[in-house]
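Chains as they are written, first to last, in the working numbering: chain A, 750 to 856; chain B, 35 to 147.
Cβ coordinates follow ideal geometry from the N, Cα and C atoms, glycine included.
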Amino acid sequence: AQRVTQPEKLLSVFKGAPVELKCNYSYSGSPELFWYVQYSRQRLQLLLRHISRESIKGFTADLNKGETSFHLKKPFAQEEDSAMYYCALNAGNMLTFGGGTRLMVKP
Amino acid sequence: DAMVIQNPRYQVTQFGKPVTLSCSQTLNHNVMYWYQQKSSQAPKLLFHYYDKDFNNEADTPDNFQSRRPNTSFCFLDIRSPGLGDAAMYLCATSRGENNQPQHFGDGTRLSIL
């Protein structure tokens, strides 16, 4: 069975500091990994997916199969990045979510 | 231009009184999902439909049922809500193909009196 682990429930950084939200997974097949973000009082929305290898809102994430990780990174955090972030693994059309990390960016 | 629409946004019901939450989509996606999300927790999948095929998660209580009368609509029925069923309920859709993301609605927050 697949599993997604986000070790940090809360990550607090100052504006302009680099940020890394950790995600580790376990899955026997070829993983499809996503990061979802939930801003205060808004819907859960897709931030990025590993297959796209793109940067969204300054965030990037690289799939490391050797370390079974998909960490989310941003070099300079902004206050508007404050939100709940979920790493998710897609297998058989079903998402398994990590427990989520709340990112707080302080001014 | 919301593509996954959930009604109502807030629902209050009494302990034991049946309640139905609704979800509609304009994306014409094959798969529709229902999740339960409790405070400070990740969404938990209850069940999903792939077209008309219903797939129940093993640990979803029998109290929870779902209907999908057509491609666009999917309903979550809670037959006898208990206090522990108070949560945010999220509907999502996807195309059902590899590497396709799920699209979520705003959710319905259910309160039990």
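Interface residues of chain B facing residue i [CB-CB closer than 8 Å]
i, result
"arginine 802/A", "Under the 8 Å cutoff, chain B gives no residues; its nearest Cβ is about 12 Å from arginine 802/A."
"glycine 847/A", "Ala76"
Contacts that residue i makes with chain B (C-beta to C-beta distance below 9 Å)
i, result
"tyrosine 835/A", "Ala76 and Pro77"
Any non-hydrogen atom of the ligand FAD closer than 8 Å to residue i Cβ
i, result
"glutamate 769/A", "The ligand FAD is absent from the structure shown, which contains no ligand whatsoever."
Three-state secondary structure assigned by DSSP to residue i
i, result
"aspartate 830/A", "helix"
"leucine 117/B", "helix"
"glutamate 781/A", "strand"
"histidine 82/B", "strand"
"cysteine 125/B", "strand"
"leucine 821/A", "strand"
"histidine 63/B", "coil"
"tyrosine 44/B", "strand"
"threonine 94/B", "coil"
"leucine 812/A", "coil"
"tyrosine 835/A", "strand"
"glutamine 787/A", "strand"
Option in the options with minimal Cα separation from residue i
i, options, result
"valine 65/B", "Phe138/B, Lys78/B and Arg43/B", "Phe138/B"
"arginine 798/A", "Gln791/A, Gly848/A, Tyr788/A and Leu812/A", "Leu812/A"
"asparagine 41/B", "Cys57/B, Ala120/B and Ala92/B", "Cys57/B"
"alanine 766/A", "Lys823/A, Tyr776/A and Ser831/A", "Lys823/A"
"histidine 820/A", "Phe808/A, Tyr834/A and Cys772/A", "Cys772/A"
"methionine 16/B", "Gly141/B, Pro135/B and Ile112/B", "For chain B, the structure presents residues 35 to 147; residue 16/B sits outside this window and is missing."
"phenylalanine 98/B", "Gln71/B, Asn104/B and Asn90/B", "Asn90/B"
"phenylalanine 808/A", "Thr817/A, Ser818/A and Val786/A", "Val786/A"
"leucine 55/B", "Asn132/B, Gly130/B and Ala120/B", "Ala120/B"
"glutamine 134/B", "Met833/A, Met843/A and Met853/A", "Met843/A"
"alanine 810/A", "Tyr835/A, Ser789/A and Ser831/A", "Tyr835/A"
Span of the beta strand (DSSP E), counted from its first residue to its last, around residue i
i, result
"asparagine 89/B", "87 to 90"
"lysine 855/A", "850 to 855"
"arginine 752/A", "752 to 754"
"methionine 843/A", "843 to 846"
"asparagine 773/A", "773 to 775"
"serine 761/A", "759 to 763"
"leucine 144/B", "142 to 146"
"leucine 795/A", "794 to 798"
"glutamate 769/A", "768 to 770"
Bridge-paired residues (DSSP) for residue i
i, result
"phenylalanine 49/B", "According to DSSP, phenylalanine 49/B bridges with nothing at all."
"aspartate 111/B", "Thr54/B and Gln99/B"
"alanine 840/A", "Met843/A"
"threonine 105/B", "Paired residues: none, contrary to the question."
"histidine 137/B", "Thr127/B"
"tyrosine 69/B", "Leu79/B and Leu124/B"
Residue i: contacting residues in chain A (beta-carbon distance under 9 Å)
i, result
"leucine 124/B", "Arg792 and Leu793"
"phenylalanine 98/B", "Within chain A, no residue comes near phenylalanine 98/B; the closest Cβ sits about 17 Å away, beyond 9 Å."
"phenylalanine 49/B", "Under the 9 Å cutoff, chain A gives no residues; its nearest Cβ is about 27 Å from phenylalanine 49/B."
"aspartate 93/B", "Correct list: empty, because the minimum Cβ distance to chain A is about 12 Å."
"histidine 82/B", "Asn842 and Met843"
Under 7 Å from the C-beta of residue i: neighbouring residues of chain A
i, result
"aspartate 85/B", "Result: empty, since nearest Cβ-Cβ is about 11 Å, beyond 7 Å."
"proline 135/B", "Phe783, Leu795 and Arg798"
"aspartate 119/B", "Residues of chain A passing the Cβ test: none, with the nearest at roughly 20 Å."
"asparagine 132/B", "Glu781"
Partners in chain A for residue i, counting only beta-carbon separations shorter than 8 Å
i, result
"serine 128/B", "Asn842"
"valine 65/B", "Asn842"
"aspartate 111/B", "Correct list: empty, because the minimum Cβ distance to chain A is about 21 Å."
"phenylalanine 88/B", "In chain order: nothing, as chain A lies at least about 13 Å away."
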